[in-house]
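Remarks on the structure that follows.
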Amino acid sequence: AEKILKIRDLSTSFFTEDGKVNAVDSVSFDVEDGEIFGIVGESGSGKSVTALSVIDLIDSPGRITGGEIWYRNPDLADEFRDSKPDAVDGEFVDIRRLPEGVRRSLRGPSFSMIFQDPMSSFNPSITVGEQIAEAVEAQQRARSNPRSTRSRTQGYGLGSYIVDTLVPSQDYVSEESMDRAVELLEQVGIPDPEDRAHEYPHQFSGGMLQRAMIAQALAGEPDILIADEPTTALDVTIQAQILNLLRDLQEEEDMSILMITHNLGVIARMCDRVGVMYAGEIVERGTLEDIFENSVHPYTEGLLGSIPDLDAPSARLEPISGNVPSLLESEMPNACFFADRCPKAMNDCLTRIPEYDVDDRHSVRCVLAEREFDPTDAVEAPEV
Ligand code: SF4
Ligand code: MG
Numbered sequence: 002a003e004k005i006l007k008i009r010d011l012s013t014s015f016f017t018e019d020g021k022v023n024a025v026d027s028v029s030f031d032v033e034d035g036e037i038f039g040i041v042g043e044s045g046s047g048k049s050v051t052a053l054s055v056i057d058l059i060d061s062p063g064r065i066t067g068g069e070i071w072y073r074n075p076d077l078a079d080e081f082r083d084s085k086p087d088a089v090d091g092e093f094v095d096i097r098r099l100p101e102g103v104r105r106s107l108r109g110p111s112f113s114m115i116f117q118d119p120m121s122s123f124n125p126s127i128t129v130g131e132q133i134a135e136a137v138e139a140q141q142r143a144r145s146n147p148r149s150t151r152s153r154t155q156g157y158g159l160g161s162y163i164v165d166t167l168v169p170s171q172d173y174v175s176e177e178s179m180d181r182a183v184e185l186l187e188q189v190g191i192p193d194p195e196d197r198a199h200e201y202p203h204q205f206s207g208g209m210l211q212r213a214m215i216a217q218a219l220a221g222e223p224d225i226l227i228a229d230e231p232t233t234a235l236d237v238t239i240q241a242q243i244l245n246l247l248r249d250l251q252e253e254e255d256m257s258i259l260m261i262t263h264n265l266g267v268i269a270r271m272c273d274r275v276g277v278m279y280a281g282e283i284v285e286r287g288t289l290e291d292i293f294e295n296s297v298h299p300y301t302e303g304l305l306g307s308i309p310d311l312d313a314p315s316a317r318l319e320p321i322s323g324n325v326p327s328l329l330e331s332e333m334p335n336a337c338f339f340a341d342r343c344p345k346a347m348n349d350c351l352t353r354i355p356e357y358d359v360d361d362r363h364s365v366r367c368v369l370a371e372r373e374f375d376p377t378d379a380v381e382a383p384e385v
């Protein structure tokens, strides 16, 4: 399949009182047309920050500090080929090098995002249907005339990044947009969508509101849907329904999904390929088979070993013993970040940050990709 997204050496840091925190450190991965690419990791591993960086939603004190986000879009490539040659490579544009207004106009028609908590994505005082209709109109305006204005859903999750292209004086939505909203509600499996469209967010159950948020995210017919822990807040039966819905929509709409989760069961069930994140780095990346059956990195192995039954919907990551390193730049070791917790740490691992590929498809950041574990060279893991 062709690639739709090529992330190269993406780094995002937060500039805090204590110093520079490297939340995402030189992360690279591709997303292909029509695939579900998963990023899995413990909380604090940098997976959400990676997602927010891709969609350009990192706020102060955070900032993307390096790397490239190549997005395949022949129209944009043609538009900027002469004026910004650095930003164009064939049919791809490096989003980071595009003007801000253009970057913003990509949110919705190119990239869309759903979050863990649908309640925070809706304005409680506007009907669900109207809010989805606003997203529909915002997309239409974004396509024809990208510009920054505010809407009534400004500040509410999706609204805070998608619907900021609405004309401010507008406090109603057209009948056509409302019809489209009803269609979208129907597409995500909401019963009686004509009636439900006129209800307020608090009248929806958690699962139904999650569906409505997905409908809102689909309003712009995105190429890439970023789903950040989309089912974490839901009970098990509803989780399964939402995951099935996302997979169906991915096929119907022929979009790609970037799935962020701490749940390896979700990865096993949904994804084509996966990147395992640890301490801001992707430590291993490959197909499901590479990761679940031929993993090399001891962190990946630890994660897999900590899960009794992959089919169990609550296959969550159990912490592996030992400490996650500080991500403060001043405290980060020039060594493998996993060395403190790694049962196979060797002296080699303490002198540099490893970066080795098994092959293009299966990439591993570990010296074990290059040499076998040698017990005589092992370092004693420090007591925790
Ligand atoms: Fe363990 Fe060394 Fe691999 Fe790091 S590089 S994960 S310490 S074996
Ligand atoms: Mg998160």
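Its first residue numbered 2, the sequence shown is counted upward by one per residue in full-length UniProt numbering.
Cβ atoms here follow ideal geometry from the backbone N, Cα and C, with glycine treated the same way.
As far as DSSP is concerned, A269 takes part in no beta bridge. Comparing alpha-carbon positions, the option among E135, L259 and P192 lying closest to S175 turns out to be E135.
Boundaries for R248: no beta strand (DSSP E) harbours it, while the alpha helix (DSSP H) harbouring it runs V237 to E254, taken from the DSSP string. Taken through DSSP and simplified to helix, strand or coil, F15 comes out as strand. A contact is defined here as three or more CB-CB pairs under 8 Å, and the stretch 215–226 meets this definition with respect to the stretch 254–263. With at least 16 other beta carbons inside 10 angstroms of its own, N23 counts as buried. Take the alpha-carbon of V284 and the one of D26: they are about 11 Å apart. The count of Cβ pairs closer than 8 Å, one atom from the stretch 2–13 and one from the stretch 230–245, stays below three, leaving the stretches out of contact. Remark: C-beta atoms of A52 and I227 approach each other more closely than 8 Å.
For N23, DSSP records a beta bridge to S14. In terms of CA proximity to G281, I40 leads the group E131, G130 and I40. In the structure shown, M333 adopts coil according to DSSP, grouped into three states.
Taking 7 Å as the cut-off, one finds at least one heavy atom of ligand 1 near enough to the beta carbon of L369. The closest heavy atom of ligand 1 lies less than 7 Å from the beta carbon of A346. Looking at the backbone, the Cα of Y201 and that of D10 are separated by about 43 Å.
Per DSSP, D34 is not a residue of any beta strand (DSSP E), being assigned neither H nor E. For D79, the enclosing alpha helix (DSSP H) stretches over residues P75 to F81. Judged by the Cβ position, F116 fails to qualify as a neighbour of ligand 1 at the 7 Å threshold, every heavy atom of the ligand being at least this far.
Between A143 and S106, the C-beta gap is smaller than 8 Å, which places the two residues in contact.
By alpha-carbon distance to F38, the top candidate from M120, P110 and C272 is C272. Excluding sequence positions up to five before and after F374, its CB lies within less than 8 Å of the CB of K345 and M347, all in the same chain and listed in chain order. With a cutoff of 8 Å on beta-carbon distance, T17 and R64 are scored as not near each other. Taken atom to atom, the span from the alpha-carbon of I59 to that of V50 is near 8 Å.
Looking at the backbone, the Cα of H363 and that of H203 are separated by about 45 Å. Between the stretch 184–198 and the stretch 72–88, the count of Cβ pairs shorter than 8 Å is below three; the stretches do not touch. Contact between K85 and R98 holds: their C-beta atoms lie close to 6 Å from each other, under 8 Å. Nearest neighbour of W71 by Cα position, chosen from Q211, L185, Q188 and F93, turns out to be F93. Where L259 is concerned, the enclosing beta strand (DSSP E) starts and stops at S257 to T262.
Around the beta carbon of P75, fewer than 16 other beta carbons sit within 10 angstroms, so the residue counts as exposed. One thing to note: G207 has its Cβ within 8 Å of the Cβ of A234. A straight-line Cα-Cα distance of about 6 Å links C350 and A336. S296 is not a Cβ neighbour of L289, given a cutoff of 8 Å. The bridge partners DSSP lists for Y357 are V365.
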